[in-house]
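Input: a single structure, listed below in structure tokens.
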């Protein structure tokens, strides 16, 4: 069994690593010093880095080649995502590492391709997901937002919650009940809704633990044409499931990047920082924390890469993808906690990315299926 990455993926990893070191780390430090709780990059910096990514062939890496992208598969995506995530520039919600639409948007057809998919690939439009509600998240059967057919249009009514930065989106992915009898079994449909549509409004911003915010959305008799149904009527929840594995692998890779950078920082700091005349690295308590983190990262990486490799081969990886999301988010939370502990008071400051990532990872243990939901998915598959 050959565990070596293909040569082209090794080259991709090296290229992204060098780009992050040269272009992103200096900007990260500048932001840590001047605006540590930044939500998005300043527009001019976002454009500067995006343009350099395009110049270096790193834009739209995972987008299919027929759509002008790099055509990188799931394994390459995981490796690239890990490297991107070794800087806060790469883990920001609206990262300049763009041109990669949410996988669900590849279900676009006809006019949707030119109106939504291609502009996202070019970096001209932004989207937001509107699925979670005050009383519904992973439980599709509990969704209360409805879409009623009227002629060639649909009328959407309901409230959505925890849609990240939806006030900055050009359009939204909206799930709504179109068949109250079927609900999660063929009764939920996904719609593409323009942010300037009459009846839609961002009701309020919801502050959260991380340096971003979420939003509450109101749909009051929002009329959308039938041409803005994404996929087929009744397949909204199925669309989510189709892309869940890919998204969970990507999140696991993000955790790998943050955790590896935190460990690297901790090793350097432990060698430099002295207490009572000796380096921290000579203290067994610190050594054990470093070792525990290294082992945790190694196991998470092997699981994530193997699952990405299986997905690329066309295998069903629903169970493994949930394992990736479960293990990597819990792993990264522990690694960041140890890293902050090793850095002592400095670890608590906003001069380093550690506390920001610690808050980010606390969120990642909940979003896109909480730890307990992943365990439920795995157990259900095991006990069939």
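Residue numbers (the working numbering): 1 to 384. Ideal Cβ placement from N, Cα and C applies to all residues, glycine included. As the structure is a computational prediction, the values presented were derived from the model and not from experiment.
- Here DSSP, grouped into helix, strand and coil, assigns residue 133 to strand.
- Residue 61 is not a Cβ neighbour of residue 49, given a cutoff of 9 Å.
- Residue 200 carries a strand assignment under DSSP once its states are collapsed to helix, strand and coil.
- In this structure, the straight-line span from the alpha carbon of residue 97 to that of residue 71 is close to 15 Å.
- If you check the CB distance, residue 324 and residue 304 come in under 9 Å.
- If you draw a straight line from the Cα of residue 58 to the Cα of residue 16, it comes to about 8 Å.
- Assignment of residue 127 by DSSP, reduced to helix, strand and coil, places it in the strand class.
- In the structure shown, residue 95 falls within a coil segment according to DSSP collapsed to helix, strand and coil.
- By the neighbour-count definition (other C-beta atoms within 10 Å, threshold 16), residue 122 is an exposed residue.
- Distance check between residue 154 and each of 47, 56 and 191 places 191 closest, using alpha-carbon atoms only.
- Counting along the chain, residue 270 sits inside the alpha helix (DSSP H) bounded by residues 236–272.
- CA-to-CA, the gap between residue 32 and residue 211 works out to about 12 Å.
- Just so you know, the alpha carbons of residue 198 and residue 169 end up roughly 15 Å apart.
- DSSP places residue 220 inside the beta strand (DSSP E), whose first and last residues are 213–225.
- DSSP places residue 120 inside the alpha helix (DSSP H), whose first and last residues are 118–122.
- For the beta strand (DSSP E) assignment, the uninterrupted runs of no fewer than 3 residues enclosed by the region 154–199 are, from N- to C-terminal side, 171–177 and 188–194.
- Between residue 93 and residue 174, the C-beta spacing is not below 9 Å.
- A direct Cα-to-Cα measurement between residue 166 and residue 272 gives close to 44 Å.
- For residue 291, the three-state secondary structure derived from DSSP is helix.
- Judged by beta-carbon spacing, residue 159 lies beyond the 9 Å limit of residue 236, meaning their Cβ atoms are not closer than that value.
- The beta carbon of residue 142 is closer than 7 Å to those of 135 and 136 in its chain, skipping five residues each way along the sequence.
- In the DSSP assignment, residue 320 falls within the alpha helix (DSSP H) that extends over 318–343.
- Closest option to residue 359, judged by alpha-carbon separation, among 330, 382 and 163: 330.
- Residue state for residue 40 is assigned as coil, using DSSP reduced to three classes.
- With a beta-carbon spacing of about 5 Å, residue 214 and residue 164 fall inside the 8 Å limit used to define contacts.
- For the 9 Å CB-CB criterion, residue 312 and residue 5 do not form a contact.
- In its chain, beyond the 5 residues on either side, 19 and 23 have a beta carbon closer than 8 Å to the beta carbon of residue 52.
- According to the DSSP assignment, residue 84 belongs to the alpha helix (DSSP H) that extends over 74–84.
- Residue 279 is bridged by DSSP to 274.
- By the criterion of at least three beta-carbon pairs nearer than 8 Å, the region 352–372 is in contact with the region 242–254.
- With fewer than 16 other Cβ atoms inside 10 Å of its own Cβ, residue 314 counts as exposed.
- Exclusion of the five residues before and after residue 138 leaves 369 and 373 as the residues of its chain whose Cβ lies within less than 7 Å of its Cβ.
- Per DSSP, residue 18 is one residue of the alpha helix (DSSP H) stretching across 7–19.
- Residues of the same chain with a CB within less than 6 Å of the CB of residue 105, apart from the 5 flanking positions on each side, are 117 in chain order.
- Counting along the chain, the unbroken beta strand (DSSP E) around residue 146 starts and ends at 146–150.
- Look at residue 101 here: in three-state DSSP terms it is coil, with no helix or strand label.
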